[in-house]
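One structure below.
In the numbering used here, the protein residues as written are -2 to 203.
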């Protein structure tokens, strides 16, 4: 009887030790799992994953743009387009995408939650049909809808700028900033094929 009790105690001790070892392994595995880059949902949550991959999925590729430009003789304003003009439009497009992506990635490192649109109505009249200068998008809206990242069309000079303020922009118009989104759905955006001729001063300012 005594031996049986001792045997049961030893078995119980071994079981407890095995359980502790198993828990220790699980803790180690959990520690190795990286912190998710997607935070909880909400207006003020920040998604710290670069939107580059998703943006390139919704934007035309270089070859598609080149093929389209080859079919054009003039821009939407009836200005003639030379081969140099077309090359400049493509270069401007690529530089603008790179610049806005870099700005967002830098903003993620700084904890930026809001970005506003900046453009000249004279240089980018197409964008005035869809939003006003100073309208803003949240970082989460950018994550959900990467199409909100400029450029929106060929020759587009619209740019994103970070807003570093602490105030709740949806509760104040102190800076003249208003939300681009009116609900959960993506608002209409310019068609990328709308083409404006680029001049040198505009292209170098991107």
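Glycine included, every Cβ here is placed at the ideal spot set by N, Cα and C. If you're wondering where the values come from, they're calculated on a predicted model, not measured in any experiment.
Span of the alpha helix (DSSP H) around residue i
i: residue 160; result: Note, residue 160: premise wrong, no alpha helix (DSSP H); beta strand (DSSP E) at 156 to 160.
i: residue 109; result: First-last for residue 109: undefined, no H or E at that position.
i: residue 65; result: 59 to 67
i: residue 50; result: 49 to 55
Span of the beta strand (DSSP E), counted from its first residue to its last, around residue i
i: residue 133; result: 133 to 135
Beta-bridge partners of residue i, as assigned by DSSP
i: residue 176; result: 133
i: residue 77; result: 71
i: residue 115; result: 156
Closest by C-alpha distance to residue i, when choosing among the options
i: residue 186; options: 160, 192, 147; result: 147
i: residue 48; options: 90, 103, 98, 195; result: 98
i: residue 140; options: 102, 128, 117; result: 102
i: residue 182; options: 158, 63, 188, 138; result: 138
i: residue 108; options: 136, 90, 126; result: 136
i: residue 59; options: 88, 13, 127, 180; result: 88
i: residue 128; options: 71, 62, 179, 69; result: 179
i: residue 57; options: 91, 69, 96; result: 91
i: residue 184; options: 71, 152, 126; result: 126
Supposed contact pair residue j and residue i - C-beta distance, whole angstroms, cut 8 angstroms
i: residue 105; j: residue 156; result: Between residue 156 and residue 105 the Cβ distance is about 17 angstroms, and since that is not below 8 angstroms, they are no contact.
i: residue 123; j: residue 191; result: 5 angstroms
i: residue 143; j: residue 52; result: 4 angstroms
i: residue 120; j: residue 154; result: 5 angstroms
Residue i vs residue j beta-carbon contact at 9 angstroms
i: residue 73; j: residue 193; result: yes
i: residue 174; j: residue 113; result: yes
i: residue 130; j: residue 115; result: yes
i: residue 133; j: residue 160; result: yes
i: residue 94; j: residue 195; result: no
i: residue 67; j: residue 81; result: no
9 angstroms Cβ cutoff, residue i in contact with chain D
i: residue 142; result: Considering every chain present, this structure includes no chain D. It has just one protein chain.
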